[in-house]
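**Student:** One structure coming up, written as structure tokens, with questions to follow.
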Amino acid sequence: PSVLVPPQPDPAAAPTPSHSGGTQSPAASSGQLIVAGKAGGGKSATGNTLLGKRVFESKLSHEPVTVSCARAQGHWDGEDFTVVDTADIFNPGGASSEVHQEIIHCIRLSSPGPHALLLVTQLGRFTKEDEEARLQDIFGADVFRHTIIIFTRAEELGERSLHDYVSCTDNKALRKLIERCGNRYCGFNNRAVGAERDHQVMELMGMVHCMVRVNGDRYYSNEMYLEPNLTEEKVEYHMARYRVGRVKREREKSGMKSEEGHKTQVDENEFVLDR
124 PSVLVPPQPD PAAAPTPSHS GGTQSPAASS GQLIVAGKAG GGKSATGNTL LGKRVFESKL
184 SHEPVTVSCA RAQGHWDGED FTVVDTADIF NPGGASSEVH QEIIHCIRLS SPGPHALLLV
244 TQLGRFTKED EEARLQDIFG ADVFRHTIII FTRAEELGER SLHDYVSCTD NKALRKLIER
304 CGNRYCGFNN RAVGAERDHQ VMELMGMVHC MVRVNGDRYY SNEMYLEPNL TEEKVEYHMA
364 RYRVGRVKRE REKSGMKSEE GHKTQVDENE FVLDR
């Protein structure tokens, strides 16, 4: 089936705000895909599988291989698309300045915003703290409407289906994330070639197409994309705001109520940046 890549905005046209913080794309062009996730999960290899050629540096390692965000053009079923491979921006223990610089780089490469964020995680390696929370802290809570989860090393499932793996996992955080992403997920064997590789890409691109249509042909955007001059200080400010919102939502969901004098109380006003 033909996979239509959603349009992107004409710089001369005024974009239409969407309910998720994105904008409607009034002019036809290529789709934008951001490949994100923690180091060693197979981000770059997944990007290469999508492109059908080796563009991003990739090797088997638990340490970061991609040292800087990069972008490449791809072509599938008669349509062009863009893949942005991210550096180790999901590492909360990384040097703040370096992480902030790479977030700025990612925002610039994917501007005005991605049509889909592909959250790459290796089978059996998902942990809540360095995936779901970090995703919200960087892109904001609404990004889940534009997110698809890709499980790498899908060949290790053997005869077992990915659906069976997801349905039977005892990882509650993973199941919760999949639900937040509208149950959008697929498996990738990044060593696949020929028909097997084509089938994987067809499944994912079809999923991207359907998701974009559900989102009203809008790409995702947030306050960082709207900043005319995004600096490290502004990245820190916006991430702090997203983090405050996430913590507040988590407390509300768990039934926790703030108490006077609570030592971990977070005040959003603390993060106001003097612009």
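The letter at position 92 of the sequence shown is residue 215 when you use our numbering, and the numbering goes up by one with no holes. Just so you know, even glycine gets a beta-carbon here, dropped at the ideal spot from N, CA and C.
In whole angstroms, what separates the C-alpha of His228 from that of Thr354?
**Tutor:** Along the sequence shown, one-based indexing puts residue 228 at 105. Along the sequence shown, one-based indexing puts residue 354 at 231. Taking the straight line joining both Cα atoms gives about 10 Å.
**Student:** Report the CB separation of Asp260 from Arg372 in whole angstroms; it is logged as a contact under 8 Å.
**Tutor:** Looking up residue 260 in the sequence shown gives position 137. Looking up residue 372 in the sequence shown gives position 249. At roughly 12 Å, the Cβ-Cβ gap does not stay under 8 Å, so Asp260 and Arg372 are not in contact.
**Student:** So, helix, strand or coil for Tyr348, using DSSP?
**Tutor:** As a working mapping, residue 348 is identified with position 225 in the sequence shown. Tyr348: helix per DSSP, three-state reduction.
**Student:** Is the segment 266-282 touching the segment 302-315 in the sense that three or more CB pairs, one from each, lie closer than 8 Å?
**Tutor:** A contact exists between the segment 302-315 and the segment 266-282.
**Student:** Contact between the segment 288-300 and the segment 323-340 is defined here as three or more beta-carbon pairs at a separation below 8 Å; is this criterion met?
**Tutor:** The segment 288-300, when compared against the segment 323-340, does not touch it at the 8 Å Cβ threshold.
**Student:** Give me the residue from Leu156, Pro235, Ala363 and Glu254 with the minimum Cα distance to Pro351.
**Tutor:** Sequence index remark: in the sequence shown, residue 351 carries index 228 (1-based). The candidate whose alpha carbon is nearest that of Pro351 is Pro235.
**Student:** Start and end of the beta strand (DSSP E) containing Gly368?
**Tutor:** Start at 1 with the first residue of the sequence shown, and residue 368 comes out as number 245. Here Gly368 belongs to no beta strand (DSSP E); instead the alpha helix (DSSP H) covers Glu355 to Lys376.
**Student:** Identify whether Phe281 lies in helix, strand or coil by the three-state DSSP scheme.
**Tutor:** If you number the sequence shown from 1, residue 281 lands on position 158. Before going further, note that residue 281 is Gly rather than Phe in the sequence given. Three-state result, Gly281: coil.
**Student:** Please classify Cys192: does DSSP put it in a helix, a strand, or coil?
**Tutor:** Counting from 1 along the sequence shown, the entry for residue 192 is found at position 69. It is coil, neither helix nor strand.
**Student:** Helix, strand or coil, according to DSSP, for Phe262 in the structure here?
**Tutor:** Taking the first residue of the sequence shown as 1, we reach residue 262 at position 139. The answer is helix: DSSP assigns Phe262 an H, G or I state.
**Student:** Can you tell which of Glu279, Phe267, Gly281 and Glu180 has the C-alpha that lies nearest to the C-alpha of Asn306?
**Tutor:** Against the sequence shown, residue 306 aligns to sequence position 183. Nearest of Glu279, Phe267, Gly281 and Glu180 to Asn306, Cα basis: Phe267.
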